[in-house]
Amino acid sequence: MTINIDLPSGYSGEGLPRECLAACLMTDAERYTALTEAMEPSAVVEMINRYFDALFGPVLKNGGMISDVKGDGLLAVWNHDSAGADLKARVCKACLEIVHTVDVLNSQQPSRRLPTRLGVDFGPVAIARVGAHDRFEYRAVGDPVNTASRLEELNKVLKTRILVSDAFAQGVSGFLFRDVGSFRLRGRRAWTRVRELVGIAAECDSRSHEQCRDFAHAVTAYGEGKEDEAERRFRSLQSRFPEDGAARYYLARLESGERADDVGGEPASGRAQRSGWFEHFWRPGRHFAQRAKQ
């Protein structure tokens, strides 16, 4: 059996794998397992179909393809050939529309809310026919798929909704991003600079712009080892924006005595925050990298 999942326009399946630059979006729903364990299977099917309808619409509307669906999550891909120069803008629009449509759906069924997290990366992938024996699927394969998944997971720690890599955010205009720092994601040796997609810049209010600007100053102070200044700035953010999970994350690090130039050592040192999904560290700024060489 061959499962053809929204192959990009013009793809017949012949000549695969085909390599291309692509943006990869990974999603996951909170509370899905806890919510469904007490439900009848038929009710789960009805609920998950309504949920996926809220996700699929924005992806397809903005030129993406559904590459894979597993449980309550999906992988969507925008390949550079088909999406054109505005590829990243289309992805941003899809992400924001997904958050909106899921919020609307959740408001209609408050007892079955499925808050959704999204992660996005950009880079080379292969559109390939994957499988064995009589079962095959067409899907995107490559590091951006894995990174998007890890970014989606990082939302759990920072209490954010949409996290993207710096590789994706570079060159994107018209959208408001917040720099939340550099992290070493699960299974990766390299550091990944991470940004939060906040919204369409022209539609974001002054408080959102203020929050992103002040957070950038706080993160810079933290990376330069100015712990007192960083703590003061993060506390100010927490006071003005009490729902800011990323500010709480950095305050917790500061309160536990973890300095910016300490983080990134061996996990056994206790300097790395760990979770079942990934290890995440603050990457010291250039100031410390240069000082270490002296």
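Here the sequence shown is numbered in this note's numbering, starting from 1382 and rising by one per residue. The beta carbon of each residue, even a glycine, is placed where N, CA and C say it ideally should be. Bear in mind that the values here come from a model prediction, so they are computed numbers and not experimental data.
Locate the alpha helix (DSSP H) running through residue 1637, then write down its first and last residues.
Premise fails: residue 1637 is in no alpha helix (DSSP H) and is neither H nor E.
If you reduce the DSSP assignment to three classes, tell me which class residue 1460 lands in.
Residue 1460 falls in the strand class under three-state DSSP.
If you run the structure through DSSP and keep just helix, strand and coil, what is residue 1522?
Correct three-state label for residue 1522: strand.
Kindly list the residues whose CB is nearer than 6 Å to the CB of residue 1650, restricted to its own chain and excluding five residues on each side of it in sequence; keep chain order.
At residue 1650, the pLDDT of 24 sits below 50, so the modelled position is not reliable; the number obtained from the coordinates is stated separately. Counting only Cβ-Cβ distances below 6 Å, and skipping sequence neighbours, we find nothing.
Over the uninterrupted beta strand (DSSP E) stretch that includes residue 1497, give me the two end residues.
Counting along the chain, the beta strand (DSSP E) containing residue 1497 begins and ends at 1497-1513.
Assuming residue 1529 and residue 1506 are in contact, meaning their beta carbons sit under 8 Å apart, how far apart are those beta carbons, in whole angstroms?
About 10 Å; that fails the 8 Å criterion.
Check the DSSP bridge columns for residue 1573 and list the partner residues they point to.
According to DSSP, which records beta bridges pairwise, residue 1573 is partnered with 1564.
Compute the beta-carbon to beta-carbon distance between residue 1634 and residue 1596, rounded to the nearest angstrom, for a pair I have assumed lies under 8 Å.
Contact flag wrong, Cβ pair sits at about 14 Å.
How many Å lie between residue 1512 and residue 1518 at the Cα?
Computed Cα separation, rounded: 6 Å.
Is DSSP giving residue 1411 helix, strand or coil here?
If DSSP states are grouped into helix, strand and coil, residue 1411 belongs with coil.
Would you kindly check if the distance between the Cβ of residue 1625 and the Cβ of residue 1498 is under 9 Å?
In this structure, residue 1625 does not lie closer than 9 Å to residue 1498 by Cβ.
Rounded to the nearest angstrom, how far is the Cβ of residue 1576 from that of residue 1547, given a contact under 8 Å?
Their Cβ separation, rounded to whole angstroms, is 6 Å, which keeps residue 1576 and residue 1547 in contact under 8 Å.
Name the DSSP beta bridge partners of residue 1552, please?
DSSP output for residue 1552 lists no bridge partner at all.
Determine the burial state of residue 1638: buried for a count of at least 16 other Cβ atoms within 10 Å of its Cβ, exposed for fewer.
Under this definition residue 1638 is an exposed residue.
If you scan the stretch 1410-1458 from start to end, which runs of the alpha helix (DSSP H) of 4 or more residues do you find wholly inside it?
Counting whole runs of 4 or more residues, the stretch 1410-1458 contains the alpha helix (DSSP H) stretches 1413-1417, 1422-1442.
Consult DSSP for residue 1615 and reduce its assignment to one of helix, strand or coil.
Residue 1615: helix per DSSP, three-state reduction.
Between the C-alpha atoms of residue 1449 and residue 1606, what's the straight-line distance to the nearest angstrom?
Answer to the nearest angstrom: the Cα atoms are 42 Å apart.
Grab me the residues of residue 1399's own chain with a C-beta within less than 7 Å of its C-beta, minus the 5 sequence neighbours each way, in chain order.
Excluding residues within five positions, the ones whose Cβ falls inside 7 Å are 1507, 1508.
Of all the CB atoms in chain C, is at least one closer than 9 Å to the CB of residue 1504?
The chain labelled as chain C is not found in the depicted structure, where only one protein chain is given.
From residue 1461 to residue 1496, what distance separates their C-alpha atoms?
Approximately 29 Å, taken between the alpha carbons.
Can you grab the Cα-Cα spacing for the pair residue 1641 / residue 1570, in whole Å?
Confidence in residue 1641 is poor, its pLDDT being 48 and thus under 50, which makes the residue's placement too unreliable to answer from.
Do residue 1580 and residue 1557 count as a contact pair if the criterion is CB distance below 9 Å?
Yes, the Cβ-Cβ distance between residue 1557 and residue 1580 is below 9 Å.
Between which residues of its own chain and residue 1427 is the CB-CB distance below 7 Å, once the five residues before and five after are set aside?
Same-chain partners within the cutoff: there are none.
Less than 9 Å separating the beta-carbons of residue 1485 and residue 1435?
Yes, they are a contact pair.
Should residue 1541 go down as buried or exposed, given a rule of 16 or more other Cβ atoms within 10 Å for buried?
With 16 or more Cβ atoms within 10 Å of its Cβ, residue 1541 is classed as buried.
Considering only their Cβ atoms, is the gap separating residue 1459 from residue 1438 smaller than 9 Å?
Not in contact: residue 1438 and residue 1459 (Cβ atoms no closer than 9 Å).
Over the uninterrupted alpha helix (DSSP H) stretch that includes residue 1589, give me the two end residues.
Start and end: 1587-1604.
What is the C-beta distance between residue 1553 and residue 1470, in whole angstroms, given that I count them as a contact (C-beta under 8 Å)?
With a Cβ gap of about 7 Å, residue 1553 and residue 1470 count as contacting.
In this structure, how does DSSP classify residue 1399 when only helix, strand and coil are distinguished?
DSSP places residue 1399 in strand when its eight states are reduced to three.
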